[in-house]
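Working notes for the structure below.
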Amino acid sequence: MSKLLVKADKGHGHVAHVTPQSAGWTYVGFDLHRLRPGETVAGKTGEREVCLVFVTGKGKASASGNDLGLLGERMSPFEGKPWSVYVPQGSDWSVTADTELELAVCSAPGLGGGLPARVIAPDDLGQEVRGKGTNTRYVTNILPEGKPADSLLVVEVITPGGHTSSYPPHKHDQDNLPAESYLEETYYHRLNPPQGFAFQRVYTDADRNGVRDLDEAMAIEDGDVVLVPKGYHPCAACHGYDLYYLNVMAGPKRTWKFHNAAEHEWLMKA
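Per the working numbering, the sequence shown starts with residue 3, numbered consecutively.
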């Protein structure tokens with residue numbers, strides 16, 4: 003199995019855990035909790051900031067000592083927009099499930115920004131359609147660079163069955179602004195119906211001998227997490243199975259500036 007593929011545990015509890023140390027990088031952390039009604043998960047951000055994403059279900063949340071009330075409404079990631087909570091560094095947080103609850107904990111370094119904890123409601127979220135034809139996908143911006151945070155960029159995408167996404171292939175692995183930013187990235191994947199599968203390739207440019215420093219092609223199943231430390235990272239959803247993914251990105255500068263693969267950039271004009 004590819005070292006870039008993290009298989010979430012089945013059932014309930016703390017089912018996925020990615021740290022900068024386990025991923026071999028510097029910035030992005032990702033955890034996933036599946037809770038039964040009445041169960042609680044809590045944490046302290048320390049020197050990191052956190053975005054809690056209610057992927058499915060409802061729960062009572064608190065952050066930085068404030069009761070945030072009952073959050074969440076959708077019971078499938080393929081329906082509607084999520085509720086989320088931003089929690090700054092040096093804070094504590096907790097969520098107690100009111101229904102079956104799938105909670106993503108996205109984290110990255112805090113930079114002492116002094117931001118308050120806040121609820122990010124569905125009505126606060128922008129949505130957009132990207133691509134054309136079988137490259138059409140639907141994007142919900144949870145924590146884009148235009149909204150306050152120190153390091154985190156968080157977005158979710160739905161790709162219909164038979165469509166491609168994160169395509170044409172692009173990368174953001176060079177700290178070379180304004181042309182390109184360095185951003186580590188995780189993909190948390192869900193399939194509808196859940197027995198389906200999709201594909202994701204993570205690869206770098208070839209050298210003059212046709213050799214790539216990184217080239218991994220993975221079959222993605224429901225609940226899988228893919229690590230993107232560098233390189234291009236397109237996805238393909240198989241016919242009959244819609245693909246959802248939650249992206250977490252962070253790097254030395256909080257901006258998303260990407261570089262398209264030169265050999266495929268003609269697709270942008272087709």
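Here a beta-carbon is modelled for each residue, glycine too, at the ideal position from N, C-alpha and C.
query	result
Limits of the beta strand (DSSP E) - the one that Pro-111 falls within	103–111
C-beta contact flag for Pro-171 and Tyr-234 at 8 Å	yes
Buried or exposed (CB count within 10 angstroms, at least 16 for buried), Glu-187	buried
Neighbourhood of Tyr-29 by C-beta distance below 7 Å, restricted to the same chain and skipping five residues each side	Pro-22, Ala-110, Pro-111, Ser-153, Glu-186, Ala-252, Gly-253
Closest Cα partner of Val-57 within the set Ala-208, Val-157, Tyr-205, Asp-177	Val-157
Beta-carbon proximity of Asp-100 to Lys-62, cut-off 8 Å	yes
6 Å CB neighbourhood of Arg-192 in its chain, flanking five on each side removed	Pro-79, Asp-224, Tyr-246
Glu-265, DSSP secondary structure in three states	helix
As assigned by DSSP and simplified to three states, the class of Asp-125	helix
Extent of the continuous beta strand (DSSP E) to which Ala-239 belongs	237–239
Cβ-based burial, Trp-275 [other Cβ within 10 Å; buried from 16]	A query on residue 275 cannot be resolved here, the shown segment of the chain reaching from 3 to 272 and no further.
Beta strand (DSSP E) segment containing Gln-176, residue limits	175–178
Assigned secondary structure, Gly-115 (DSSP; H/G/I helix, E/B strand, else coil)	coil
Cutoff 7 Å; reference Leu-70; Cβ partners in own chain excluding five residues on either side	Ala-63, Ser-64, Val-87, Val-121
Alpha-carbon spacing of Cys-240 relative to Leu-105, whole angstroms	26 Å
Beta-bridge pairing of His-19 - partner residues as DSSP gives them	Asp-33
Pairwise C-alpha distance: Pro-90 and Pro-118	6 Å
Val-213 - containing beta strand (DSSP E), residue span	Neither: Val-213 is in no beta strand (DSSP E) and is coded neither H nor E.
Rounded C-alpha distance that separates Phe-199 from Gln-176	31 Å
Backbone CA spacing between Lys-271 and Gly-13 [nearest angstrom]	45 Å
Inter-residue CB distance, Ala-18 and Leu-229 (contact presumed, cutoff 8 Å)	With 8 Å as the limit, Ala-18 and Leu-229 do not qualify as a contact, their Cβ atoms being about 11 Å apart.
Of the residues Pro-195, Ala-181, Gln-197, Pro-84, the one placed nearest Ala-262, counting alpha carbons only	This sequence places Asn at residue 262; Ala is not what is there. Closest by alpha carbon: Ala-181.
Where the beta strand (DSSP E) through Met-251 begins and ends	244–252
Helix, strand or coil at Ala-272 [DSSP, three-state]	coil
Cβ neighbours of Leu-216 in the same chain (closer than 7 Å, five flanking residues each side left out)	Val-204, Tyr-205, Thr-206, Lys-232, Gly-233
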